[in-house]
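S.K.: Take this structure, written in structure tokens, and hold onto it; I'll ask about it next.
There are 4 protein chains.
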Amino acid sequence: MRADVHRFVISDPGDVTGLAGAIAAGTIDPKEIVAVIGKTHGNGLVNDYTRGYLTFALSTLIAECTGASRDDVKRRVPFIFSGGVEGVLTPHFAVITVSPSDAPKSEGGSALAVGVAFSGPVRAADVGREIQIAATADAVRRAMGEARIERPADVHFVQVKCPAFPLGALRAGPESPVTDNPGKLMAFGRAASALGVARALGEAPLGRLGENAVLSDLDVFSSVASVSAGVEISALEIVVLGMSRHWTGTLAIDHAPLRDALDLEGFYGLADRLGLSPRPQVPAAQAARIRAAFVKCEADRRGTIRGRPHTMLDDGDVDQQRHIRGAVGAIAASVLNDTALFVSGGAEQQGPDGGGLAAVIVERPISRA
Amino acid sequence: MRADVHRFVISDPGDVTGLAGAIAAGTIDPKEIVAVIGKTHGNGLVNDYTRGYLTFALSTLIAECTGASRDDVKRRVPFIFSGGVEGVLTPHFAVITVSPSDAPKSEGGSALAVGVAFSGPVRAADVGREIQIAATADAVRRAMGEARIERPADVHFVQVKCPAFPLGALRAGPESPVTDNPGKLMAFGRAASALGVARALGEAPLGRLGENAVLSDLDVFSSVASVSAGVEISALEIVVLGMSRHWTGTLAIDHAPLRDALDLEGFYGLADRLGLSPRPQVPAAQAARIRAAFVKCEADRRGTIRGRPHTMLDDGDVDQQRHIRGAVGAIAASVLNDTALFVSGGAEQQGPDGGGLAAVIVERPISRA
Amino acid sequence: MRADVHRFVISDPGDVTGLAGAIAAGTIDPKEIVAVIGKTHGNGLVNDYTRGYLTFALSTLIAECTGASRDDVKRRVPFIFSGGVEGVLTPHFAVITVSPSDAPKSEGGSALAVGVAFSGPVRAADVGREIQIAATADAVRRAMGEARIERPADVHFVQVKCPAFPLGALRAGPESPVTDNPGKLMAFGRAASALGVARALGEAPLGRLGENAVLSDLDVFSSVASVSAGVEISALEIVVLGMSRHWTGTLAIDHAPLRDALDLEGFYGLADRLGLSPRPQVPAAQAARIRAAFVKCEADRRGTIRGRPHTMLDDGDVDQQRHIRGAVGAIAASVLNDTALFVSGGAEQQGPDGGGLAAVIVERPISRA
Amino acid sequence: MRADVHRFVISDPGDVTGLAGAIAAGTIDPKEIVAVIGKTHGNGLVNDYTRGYLTFALSTLIAECTGASRDDVKRRVPFIFSGGVEGVLTPHFAVITVSPSDAPKSEGGSALAVGVAFSGPVRAADVGREIQIAATADAVRRAMGEARIERPADVHFVQVKCPAFPLGALRAGPESPVTDNPGKLMAFGRAASALGVARALGEAPLGRLGENAVLSDLDVFSSVASVSAGVEISALEIVVLGMSRHWTGTLAIDHAPLRDALDLEGFYGLADRLGLSPRPQVPAAQAARIRAAFVKCEADRRGTIRGRPHTMLDDGDVDQQRHIRGAVGAIAASVLNDTALFVSGGAEQQGPDGGGLAAVIVERPISRA
């Protein structure tokens, strides 16, 4: 098996011309698309419809190219979009494909591996609770199995999308959700799925990964989970990315936790380990090897960064998520010399409290030999 | 003479408790205050009243402590505030004082020098035109003289505040302003004063520094000018900061142009030259030596950064200046390990097109010897 | 011929379930749809993608139901959406259909008549100039002809959509556009098409309706033109609504100019003339007869309303168009007792300066007899 | 005793020139100022510093004119400002004065009466609880006593300002506040003080006015309470306005509950009862008799208005309070023909759920006889 990643910059959230061109040119076989992850133009908040727009446009394109229905495409392919390209960031999406491969595997080597899984339906009353943690852990294990990633340490990024519920839906169910605030419930959902990833990967003792820890014991977290919530889905959608000796190809992935919003060294070290030679910035020639990058971050809930106050939590005009994406996204872009980054806020228990995590997929230089 | 700089973090734009405490403790003599430069909580746009609030609070405090009237204080001391502490930035102000000094000057050494100057009244019809360029250049030369900075190369930062005019005022005058759009006129004013600084310092051939170049020949710029415009003043207010052998003390200043919004290397090099040892981030112990830092930046008007699109110019919800301050401010903060930075947008002809400039004041290690 | 109007409230900009249901139930024949006009969830500014999303979703639905391609549908049916449902307003769209009718026409009566026309391609250099005025006037005349509306006084609402151009497109053309500011060019386009409508309907002397009057002689305006600009089209799209004795059915339309943002009496009088009996509010039973309502409004550019200042023009956080739509929309909704109104800003030369206009389509009580 | 009200339009939140002029001209005796209520330019949310700026500027002016200290002035005079002049609204403040009067009281008549009271300190743990309800009720009774208003039915408006607490303060106290969300705690505070007003005035049975009802039993409310919360105060500040036969002068006040955001009839009836003759708009000559008007409103928390959805609660770019103030403020302004209105959001248990209330002070025509 061979995984590939193609990034397409988009001019608006309905712009699928790049992918359409690649399909027409035969560069991408639409049947081999297993997931799409991207950043769209919206605000990334409840009223961000750019995610749905791109999902609609892409699923229509893939349906038309494969003869499947739009609904079939959406049941097979996770479309995971985060709104908000603040500051220097570029709207784009990354298409992940899996193809059979005859290429001999490198001696003792490994390559980018990908696995996708869906859970059963998630109800509002499940969100933030043991049932969601368990369902996430189960789906992560299945996706790892599909990806044939053998060791948890070889998993470098787990993108989870979990259902969110508008106010009306919260009140309609027979059982009480953990909160009646839709935005707060999204935070519970992100945290619970992050703990589910941590459980599947053994990132903390099982006893600390129960529902009591959700949004509560913030010292417990996953270093590879990136979770977003959206009202457009009704089940967990999971994409596991890691390294496996059962895969071939030139791509590799690595990750790093970010200890706070100023963790320049976290990005620097990650780039270094991937052979991108930041001095302090990755040179353009090396940056061309980046295939996709993922960053999760949050405005420190204690109101300070390294002892000095920030104002993100009190801003009634610009949401804290827009602030922190713009800030951490710029730091990431300045090190990686690349602005088409997936930078997402809402990092509850995804990386250290007040920080987050980063993962980068690169084409290895060896591939050019 | 000896210049000193004290930074005070503020909890709201009326918070002068830090300075009041320093005055009460005798750390700062209010009569020695020659300028105050800071970042306040507002949006940095036309309806940002936090600048005026802090000016009112500070001038009231200094008036009460010195026995002068509020108006007298404002005529003597430039209060230059930029609104907008997006992302990781911290609201604060830096008080610049000048005291007589008996200390022997270092052998052949130099120290931070400061000069302040005001122009005569500036009318709406003067903005963006030769008369403003000339008035700026003249005031810069006077401030340099006061600062006893002998060579233009020793000037590292020139903060200019120039008058802006609301719509009503634009229409009232006898002569036509260069544009009837108040926001656009602010841009003309910033650019013209930047060229005035360049003229005083010989940063470009005189022939390229006329009013034809204003907002037009963007290859012509000053690498040390930081200009902001505001309706609350009626004359140019100028603070020149540089190095001079006629001053004593432990402070030093240096600067760097920024070629674009991702110029991590520009910040890195500047920190390096000031002995702050970024690896890639300035260590906390060294960051404690930073007394003030100034950054000017802009959202690239061509809509791209290093070949990829940004969306700052098209955002109807968050102004482009808020975006770029948050992005470049985060990069600066991540290198300097300091969030109380003066980061300002609107960098027309202040540094390279699409980029900007940075200047940092540090306490030199030698002072501790 | 018989025109009908169906309004559908939408839960998000991709929600076409209401129309899909009506088509499935046979209430609406998709081939009879001649225009769709609506309000979507976005900000109504450059980066509002909700208009494009709804256009995509509706054209896909109609294409799938009629066997035509999406592009064919868009070439036949104007989809005219305005973003921004501030305050009490409800996102919705109104589908206008035309069906052949055997019903005998009322003795001497008239009914709602509709005509649609498209112009040839409009280039950036045409916008705001005579060529656009003439093209608009020509298309309006054709649409009137199609609608068989005989007298200009029987035209009560002309919705125009004109092309807008992003910065890149402005610079690419061989000829200079009237301004190089994309937002300003949109205003020129709205004004020029408004004058084109006025020319077709004889609303002012021909001599005052030339390109010199565009955005300049604001005493010259159309009382029935509502113009919006968008980058998604390349030709003028025009929908003319009026009364004609050649049409049958129970619907009627009337309109009123609005002299300023507080013209409660304008709405009151219009409701009164349509038999809606406002006392001061239209009772719910009567409000049920409203089929669609259109309002055009603007934040007074002089900065005052009836002598007192407003702050809409100086707000850096919320665009003036969002402010004025929320305000005038609420006044309209409070009189009409209906929140699913098409309320649009940018009323240059569409109604009196600082005001705007309103038009309402109702089902006449006689229809129930 | 004689109460008077002077309104001053302001050009920015530090603009006290109007009041300074009135004091200089002898129109207003600064020692007779008992309260100031107004609308400032900010967003009305946590980071709105325009309220503090105007408080600072006014207390400085009054201190300078009376020889008292700024702190003394603030301890004596409630300065109650609400940020947010969305849409057609005009920034302004209303100065309420009380003077001794020798004028004979009208036979059996009554006039505007005013009373002011402060509570003891309110801690974070008190907010939303019985202790706050009781403290509010007590202060309202004292203010009524001072105002010599004998019957609860003669109280037409009670403006309450209650303390709010930032996140840090919430966590610091020894006892737990009712919620650890600062914004939510503000809502609890507004609701509890509203119930305190209702208790003092007997607006509901005592048994329904306990802390269990706070933010819970929304059928219980005060029809005259207008409560705002702010971090700048540490005790309840209360202004009671009503009619009393012990006062003289030409001013009168009346009020009306608003059943929802479209309650045009509520405003119409109130204007009618005050003799302002709306037809449907108050004519300019009559509108000149309005001395101040107060409106409290809220975005319906159920997400609909009269059965149709609104989008205010889901908007991540513009806060729901900005939306609803702009909408209801425009309706009020259109009926009253006056834009300098105090329109405030956050109407929990202040008027009917989803609605609010209005009160207007007018000069009676009889005064001109």
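The listed protein sequences correspond, in order, to chains A, B, C and D. Residue 17 is where the first sequence starts when you use the numbering used here, and the numbers rise one by one after that. Residue 17 is where the second sequence starts when you use the numbering used here, and the numbers rise one by one after that. Residue 17 is where the third sequence starts when you use the numbering used here, and the numbers rise one by one after that. Residue 17 is where the fourth sequence starts when you use the numbering used here, and the numbers rise one by one after that. Where is the CB? At the ideal position from N, CA and C, for every residue including glycine.
Please list the partners that Y284 of chain D has in chain C, where partner means a Cβ-to-Cβ separation under 7 angstroms.
M.R.: Residue mapping note: residue 284 of chain D aligns to position 268 of the fourth sequence, counting from 1. By Cβ distance, chain C contributes P296.
S.K.: Can you tell me the Cα-Cα spacing of G319 of chain B and L61 of chain A, whole angstroms?
M.R.: Residue mapping note: residue 319 of chain B aligns to position 303 of the second sequence, counting from 1. Residue mapping note: residue 61 of chain A aligns to position 45 of the first sequence, counting from 1. Each residue's alpha carbon lies about 24 angstroms from the other.
S.K.: Use the C-beta contact count for A228 of chain C: other C-beta atoms within 10 angstroms, 16 or more gives buried, fewer gives exposed.
M.R.: Taking the first residue of the third sequence as position 1, residue 228 of chain C is located at position 212. The sequence as given places Asn at residue 228 of chain C; Ala does not occur at that position. N228 of chain C comes out exposed.
S.K.: Establish whether the CB of P221 of chain B and some CB of chain D are separated by less than 8 angstroms.
M.R.: Start at 1 with the first residue of the second sequence, and residue 221 of chain B comes out as number 205. It does not; no Cβ of chain D falls within 8 angstroms.
S.K.: Taking 7 angstroms as the limit between beta carbons, can you name the residues of its chain near P221 of chain D, skipping five residues before and five after?
M.R.: Position 205 of the fourth sequence, counted from the first residue, corresponds to residue 221 of chain D. Correct list: empty, nothing qualifies.
S.K.: Helix, strand or coil: which one does DSSP assign to T43 of chain D?
M.R.: On the fourth sequence, position 27 is the one that residue 43 of chain D refers to. Coil, per DSSP.
S.K.: At a CB distance below 8 angstroms, what residues from the stretch 319 to 343 of chain B approach chain C? Give them in sequence order.
M.R.: Cβ contacts with chain C: G319, T327, L329, D330, D331, G332, D333, D335.
S.K.: Using a Cβ distance threshold of 8 angstroms, determine whether the stretch 296 to 306 of chain A contacts the stretch 62 to 82 of chain B, with at least three qualifying pairs required.
M.R.: Flag = no, the stretch 296 to 306 of chain A and the stretch 62 to 82 of chain B do not touch.
S.K.: Can a CB atom of chain D be found closer than 8 angstroms to the CB of N59 of chain C?
M.R.: Here residue 59 of chain C is taken as the residue at index 43 of the third sequence, counted from 1. So yes, N59 of chain C belongs to the interface.
S.K.: Name the chain C residues whose beta carbon is nearer than 9 angstroms to that of N228 of chain B?
M.R.: Within the second sequence, numbered from 1, the residue matching residue 228 of chain B stands at position 212. Within 9 angstroms Cβ-Cβ: nothing; N228 of chain B doesn't reach chain C, min ~18 angstroms.
S.K.: Tell me the rounded alpha-carbon separation between R23 of chain C and Y69 of chain C.
M.R.: Residue numbering aside, residue 23 of chain C sits at position 7 when the third sequence is read from its first letter. Residue numbering aside, residue 69 of chain C sits at position 53 when the third sequence is read from its first letter. Their Cα atoms are separated by approximately 18 angstroms.
S.K.: With a 10 Å radius around its C-beta and 16 neighbouring C-beta atoms as the bar for buried, classify S383 of chain D as buried or exposed.
M.R.: Looking up residue 383 of chain D in the fourth sequence gives position 367. Reliability of the predicted coordinates at S383 of chain D is poor, the pLDDT of 43 falling under 50, and no value is obtained from them.
S.K.: State yes or no: is the C-beta of S350 of chain C within less than 8 angstroms of the C-beta of L278 of chain D?
M.R.: The residue given as residue 350 of chain C occupies position 334 in the third sequence. The residue given as residue 278 of chain D occupies position 262 in the fourth sequence. The answer is yes: Cβ separation under 8 angstroms.
S.K.: State the Cα-Cα distance for the pair A119 of chain C and G37 of chain C, rounded to the nearest angstrom.
M.R.: As a position in the third sequence, residue 119 of chain C is number 103, starting the count at 1. As a position in the third sequence, residue 37 of chain C is number 21, starting the count at 1. Spanning the two alpha carbons is a distance of roughly 26 angstroms.
S.K.: When the Cα of V344 of chain A is compared with those of A:V334, A:F358, A:G332, A:M202, which residue comes out closest?
M.R.: Here residue 344 of chain A corresponds to residue number 328 of the first sequence, with the count starting at 1. Considering only alpha carbons, the answer is A:F358.
S.K.: Can you check DSSP and say which residues form a bridge with T113 of chain A?
M.R.: Counting from 1 along the first sequence, the entry for residue 113 of chain A is found at position 97. Answer is A:D20, A:I49.
S.K.: Measuring straight from C-alpha to C-alpha, what distance separates G34 of chain D and H339 of chain A?
M.R.: Taking the fourth sequence and counting its residues from 1, one reaches residue 34 of chain D at position 18. Taking the first sequence and counting its residues from 1, one reaches residue 339 of chain A at position 323. Between G34 of chain D and H339 of chain A, the C-alpha separation is close to 39 angstroms.
S.K.: Count the CB pairs spanning the stretch 228 to 248 of chain D and the stretch 206 to 213 of chain D that are closer than 8 angstroms, and state whether there are at least three.
M.R.: The stretch 228 to 248 of chain D, when compared against the stretch 206 to 213 of chain D, does touch it at the 8 angstroms Cβ threshold.
S.K.: What is the rounded straight-line gap between the Cα of F310 of chain A and the Cα of G265 of chain A?
M.R.: Position 294 of the first sequence, counted from the first residue, corresponds to residue 310 of chain A. Position 249 of the first sequence, counted from the first residue, corresponds to residue 265 of chain A. Their backbone Cα atoms lie some 20 angstroms apart in a straight line.
S.K.: Looking at C-alpha atoms only, which residue of B:R305, B:Q175, B:R187 is the closest neighbour of N353 of chain B?
M.R.: One-based indexing of the second sequence puts residue 353 of chain B at position 337. Closest by alpha carbon: B:R305.
S.K.: Compare the C-beta of T66 of chain D against all C-beta atoms of chain B and say whether one is closer than 8 angstroms.
M.R.: Residue mapping note: residue 66 of chain D aligns to position 50 of the fourth sequence, counting from 1. With 8 angstroms as the cut-off, T66 of chain D counts as an interface residue toward chain B.
S.K.: Pull out every residue of the stretch 90 to 121 of chain C whose Cβ sits closer than 9 angstroms to any Cβ of chain D, in chain order.
M.R.: Listed by position along the chain: V101, E102, G103, V104, L105, T106, P107, H108.
S.K.: Taking C-beta pairs closer than 9 angstroms, name the residues in chain G that V62 of chain B reaches, listed in chain order.
M.R.: The structure shown contains no chain G; its protein chains are A, B, C and D.
S.K.: Chain D partners of L231 of chain A, CB-CB under 7 angstroms?
M.R.: Position 215 of the first sequence holds residue 231 of chain A. Going along chain D, no residue has its Cβ under 7 angstroms from L231 of chain A, so there is no contact; the nearest lies around 12 angstroms.
S.K.: Apart from the five residues just before and just after A348 of chain B, which ones in its own chain have a Cβ nearer than 6 angstroms to its Cβ?
M.R.: Locating residue 348 of chain B in the second sequence gives position 332, where the first residue counts as 1. Once the five neighbours on either side are set aside, the close Cβ partners of A348 of chain B are F283, V311, L357.
S.K.: If you run the structure through DSSP and keep just helix, strand and coil, what is F283 of chain A?
M.R.: The residue given as residue 283 of chain A occupies position 267 in the first sequence. In this structure, F283 of chain A counts as helix in the three-state DSSP scheme.
S.K.: Using the C-alpha atoms, what's the distance from A127 of chain B back to R380 of chain B?
M.R.: One-based indexing of the second sequence puts residue 380 of chain B at position 364. One-based indexing of the second sequence puts residue 127 of chain B at position 111. The alpha-carbon atoms of R380 of chain B and A127 of chain B are separated by roughly 10 angstroms.
S.K.: Quick one: which residues of the stretch 260 to 294 of chain B get their C-beta closer than 7 angstroms to a C-beta of chain A? List them in chain order.
M.R.: Those would be A277, L278, L280, E281, Y284, in chain order.
S.K.: Using a Cβ-based criterion (distance less than 7 angstroms to any ligand heavy atom), does K177 of chain B qualify as near the ligand ADP?
M.R.: Of the ligands one can find in the structure shown there are none, so the ligand ADP has no counterpart to examine.
S.K.: For the stretch 342 to 374 of chain D, enumerate the residues whose C-beta is nearer than 9 angstroms to any C-beta of chain C, in chain order.
M.R.: Correct list: G342, A343, V344, G345, A346, I347, A349, S350, V351, N353, D354, T355, A356.
S.K.: With a 10 Å radius around its C-beta and 16 neighbouring C-beta atoms as the bar for buried, classify R157 of chain D as buried or exposed.
M.R.: Along the fourth sequence, read from residue 1 onward, the residue named residue 157 of chain D stands at position 141. That one is buried.
S.K.: Leaving out five residues before and five after R67 of chain A in sequence, what residues of the same chain have Cβ atoms less than 6 angstroms from its Cβ?
M.R.: One-based indexing of the first sequence puts residue 67 of chain A at position 51. Only T56, F97, G99 meet the Cβ criterion.
S.K.: At what residues does the alpha helix (DSSP H) containing L61 of chain D begin and finish?
M.R.: One-based indexing of the fourth sequence puts residue 61 of chain D at position 45. Taken as a continuous stretch (DSSP letters only), L61 of chain D belongs to no alpha helix (DSSP H), as it is neither H nor E.
S.K.: Flag F424 of chain A as yes if its beta-carbon sits less than 8 angstroms from any beta-carbon of chain C, otherwise no.
M.R.: Limits of chain A in this structure are 17 at one end and 385 at the other, which puts residue 424 of chain A out of reach.
S.K.: Going by alpha carbons, who is nearest to I165 of chain D out of D:T152, D:G131, D:A185?
M.R.: One-based indexing of the fourth sequence puts residue 165 of chain D at position 149. Ranking the options by Cα distance to I165 of chain D, first place goes to D:G131.
S.K.: Taking the CB atoms as reference points, tell me whether M17 of chain C and H262 of chain C lie closer together than 8 angstroms.
M.R.: Along the third sequence, one-based indexing puts residue 17 of chain C at 1. Along the third sequence, one-based indexing puts residue 262 of chain C at 246. Closer than 8 angstroms, so yes.
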